[in-house]
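*Asks:* I'd like to ask some things about the structure below.
Numbering (my numbering), first residue to last: 8 to 412.
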């Protein structure tokens, strides 16, 4: 059953025990012949005898500062839920990962957590082609399967993935009452909108899909929290698709987690001159499945498996073929540099003008560039000439071609 208000303080305490994760808690509960929800009732001397420190025991029984905030948040809307590791509503797929979150704060249709999911992640500053390809592929996946699209509500590809899923539902049902097949995993408190420009998108997901976070209300975005979010994105999913990403990016952190969790990794190829896609090309070189269409995903996640229950899928032994092992060994250790002040994100965007972003690595007509930038064709010619002289683009009889970022 869903966690009750009177149990919130206790479960919050479990999430903040110093140097104790889910594996230690489960082992302790087993030794003491109790459930996780009964650990606080175990005699302190018993906990000390099996290695618990005084500080850890004190945290278990002390009042938690977020308790009242959680109670207030939970009572503020019927569409809000707190799911503990012990609840039957906790997703079986997520239980299989190392350091599974003890609590999930959910706003929306929490039943989506039990559905088979595909994670779709990528650049925060994507090219136009990548946005279009992401939209097309997400629509194909939703049309041909029962998969739910899971992402992180970040700028760029994440937002496009969520939007494509919501738009698919609109086209399918042709009604205001939707059942959006998308989950947004947050790297901050469940009541915090980040980035702020996604206020409308997050509201749409909350109403039609699901917002979920392991962080209680009022927790603000922080660089150290985003990799923790990424492990949940991949942990909930049967596979992770990276549609466009640089080498050093949060998307590759998510791919790293997916491999460690025994899940499939897919990467979408692009023009070899596209710096934004270097991470995807590197993943493919290391053994990730090249993805050009939905069928490439279904080949690795057969439709028969998508129709099975999530528990059956989670209990399958993870595939560790040579390509997977090579990819696992090749990805750099997970860092904690992804976040609200992500310098990589700044590096990706600071030298890119709107005009240069509007030109693809394939031939782009002047009419398309004008539409993307909102500028007149006469004004564009002067700027395009400047970029051509600087070696960023070249002109052809049919338009312009980007040479480098």
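Built from N, CA and C at the ideal position, the CB exists for glycine as well.
Within its chain, find whatever has a CB closer than 7 Å to the CB of residue 405; leave out the 5 residues flanking it on each side and keep chain order.
*Replies:* The answer, listed in chain order, is 370 and 372.
*Asks:* Note down the Cα distance separating residue 89 from residue 285, rounded to an integer number of angstroms.
*Replies:* 39 Å
*Asks:* Can residue 273 and residue 297 be called in contact, C-beta distance under 9 Å?
*Replies:* yes
*Asks:* Between residue 16 and the rest of its own chain, which residues show a CB-CB distance below 8 Å, the 5 nearest in sequence each way excluded?
*Replies:* 70, 71 and 74
*Asks:* Taking the alpha helix (DSSP H) that residue 75 belongs to, which residues open and close that run?
*Replies:* 74-82
*Asks:* If you follow the alpha helix (DSSP H) that residue 279 is part of, which residue opens it and which one closes it?
*Replies:* Residue 279 -> no alpha helix (DSSP H), and no H or E assigned at all.
*Asks:* Going along the chain, which residues of its own chain have a beta-carbon closer than 8 Å to the beta-carbon of residue 414, five neighbours each way excluded?
*Replies:* Residue 414 lies beyond the stretch modelled for the chain, which goes from 8 to 412, so this question has no answer here.
*Asks:* Can you check the stretch 106-156 for any alpha helix (DSSP H) of at least 4 residues that lies completely inside it and give the ranges in chain order?
*Replies:* 135-151
*Asks:* DSSP three-state call for residue 395: helix, strand or coil?
*Replies:* The answer is helix: DSSP assigns residue 395 an H, G or I state.
*Asks:* Rounded to whole angstroms, what's the CA-CA distance from residue 44 to residue 360? Just pull it up for me.
*Replies:* 54 Å
*Asks:* Expressed to the nearest angstrom, what Euclidean distance is found between the alpha-carbon atoms of residue 195 and residue 403?
*Replies:* 47 Å
*Asks:* Do you know how far the Cα of residue 38 is from the Cα of residue 173?
*Replies:* 46 Å
*Asks:* Apply the 10 Å Cβ neighbour rule to residue 409 and answer buried if 16 or more other Cβ atoms are within range, or exposed otherwise.
*Replies:* By the neighbour-count rule (16 or more Cβ atoms within 10 Å), residue 409 is buried.
*Asks:* Along the chain, where does the alpha helix (DSSP H) containing residue 366 start, and where does it finish?
*Replies:* Neither: residue 366 is in no alpha helix (DSSP H) and is coded neither H nor E.
*Asks:* Report the rounded CA-to-CA distance for residue 203 versus residue 365, giving the unit in angstroms.
*Replies:* 24 Å
*Asks:* Distance check for residue 126 and residue 67, CA to CA, integer angstroms please.
*Replies:* 34 Å
*Asks:* Go through its chain and collect everything with a Cβ distance to residue 27's Cβ below 7 Å, but skip five positions before and after it.
*Replies:* 63
*Asks:* If you draw a straight line from the alpha carbon of residue 168 to that of residue 115, how long is it in whole angstroms?
*Replies:* 18 Å
*Asks:* Strictly by DSSP, which residues pair up with residue 273?
*Replies:* 248 and 296
*Asks:* What are the partner residues of residue 219, as DSSP defines its beta bridges?
*Replies:* 113 and 192
*Asks:* Can you give me the start and stop residues for the beta strand (DSSP E) that residue 257 sits inside?
*Replies:* Counting along the chain, residue 257 falls outside any beta strand (DSSP E), though it belongs to the alpha helix (DSSP H) covering 257-267.
*Asks:* Just how far apart, CA to CA, sit residue 293 and residue 143?
*Replies:* Just so you know, the alpha carbons of residue 293 and residue 143 end up roughly 25 Å apart.
*Asks:* Considering only the beta carbon of each residue, do residue 22 and residue 109 sit closer than 9 Å?
*Replies:* yes
*Asks:* How many angstroms separate the CA atom of residue 25 from the CA atom of residue 375?
*Replies:* 55 Å
*Asks:* According to the neighbour-count rule (16 or more other Cβ atoms, all chains shown, within 10 Å of its Cβ), is residue 61 buried or exposed?
*Replies:* With fewer than 16 Cβ atoms within 10 Å of its Cβ, residue 61 is classed as exposed.
*Asks:* Between residue 123 and residue 33, which are expected to be in contact by the criterion C-beta below 8 Å, what is the C-beta distance as a whole number of angstroms?
*Replies:* About 25 Å separates the beta carbons of residue 123 and residue 33, which is beyond the 8 Å limit, so they are not a contact pair.
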